[in-house]
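Structure record follows, encoded as structure tokens.
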Amino acid sequence: MTTAISPRLAAAPVALALLLAPLSACASTPPASESIATTPSEAATAAEAPASAAPTTAPAGTSSATSDVCAVLSEEEVNGVIGLATVDANLTFGSLGDATGGQCVWASTSTPGAFLELAAWPAGSLNPAPAEAPAPGSGGFATTPGGAYFADATHSFRLAVTGVVDPALEAAAQTLAQMVQARR
139 MTTAISPRLA
149 AAPVALALLL
159 APLSACASTP
169 PASESIATTP
179 SEAATAAEAP
189 ASAAPTTAPA
199 GTSSATSDVC
209 AVLSEEEVNG
219 VIGLATVDAN
229 LTFGSLGDAT
239 GGQCVWASTS
249 TPGAFLELAA
259 WPAGSLNPAP
269 AEAPAPGSGG
279 FATTPGGAYF
289 ADATHSFRLA
299 VTGVVDPALE
309 AAAQTLAQMV
319 QARR
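Heads up: the sequence shown begins at 139 in the working numbering, then just goes up one per residue.
Printed below as a string of structure tokens:
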């Protein structure tokens, strides 16, 4: 004799899994306030994602309270690449002196969706620079989509436009990267 299983009972494990899935996802996901982008790619992805709250901003070219990386570029340099912009404090972290480095992200107020990102990794960083980045002390320079990697005596950097990217913005970021490298 075969016992038939009711369709409701057969669907119960699926329904239970669907109910528990959001709970298990929350258990392993840190709160947004603890989530920090640690690579330029993560920062770019975060910059392109819509934020649930308005970003905390400061005028371009001013040092962010959370990162001296912002002081590497002047307001005129940032504006020359993406137009009028403000520092996005939600995506800006670390510093040139941190063992893991840091980054500064400017959000354009004149080209919606465009961001300028400057990431810095010190020699021997606990958060190593991507393999394509020249090593600190090498004086190397490498173009990338949206911008360029370059190195000075103590750091590897990536300066790139993210979000809205077009050839003119990319070329402007690459030119600025060469200028910054020359003065460091």
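Cβ coordinates follow ideal geometry from the N, Cα and C atoms, glycine included. From a predicted model like this one, the values you see are computed outputs, not experimental measurements.
With contacts defined by Cβ atoms closer than 8 Å, Ser-263 and Ala-237 form a contacting pair. By the C-beta density criterion, Ser-246 is buried, having at least 16 other C-beta atoms within 10 angstroms. For Leu-314, the enclosing alpha helix (DSSP H) starts and ends at 305 to 321. Residue environment: Gly-277 is assigned as exposed (fewer than 16 neighbouring CB atoms within 10 Å of its CB, all protein chains considered). Around the C-beta of Ala-261, fewer than 16 other C-beta atoms lie within 10 Å, and the residue is accordingly described as exposed. Just measuring C-alpha positions, the residue of Ala-258, Val-207, Asp-304 and Leu-307 sitting nearest Tyr-287 is Ala-258.
Exclusion of the five residues before and after Ser-205 leaves Thr-230, Phe-231, Gly-232, Ser-233, Gly-240, Gln-241 and Cys-242 as the residues of its chain whose Cβ lies within less than 8 Å of its Cβ. Rounded to whole angstroms, the gap between the alpha carbons of Ala-209 and Ala-320 is 16 Å. DSSP places Val-219 in the uninterrupted alpha helix (DSSP H) bounded by 213 to 220. Assignment of Asp-206 by DSSP, reduced to helix, strand and coil, places it in the helix class. Residue range 279 to 282 is occupied by the beta strand (DSSP E) that includes Thr-282. In the DSSP assignment, the residues bridged to Ser-294 are Trp-259 and Ala-289. Within its own chain, the residues whose Cβ lies closer than 8 Å to the Cβ of Thr-282, once the five positions on either side in sequence are excluded, are Glu-270, Arg-296 and Ala-298, listed in chain order. The continuous beta strand (DSSP E) containing Thr-224 extends over residues 223 to 226. Between Gly-251 and Val-219, the beta carbon gap of about 14 Å keeps them out of contact (Cβ cut-off 8 Å).
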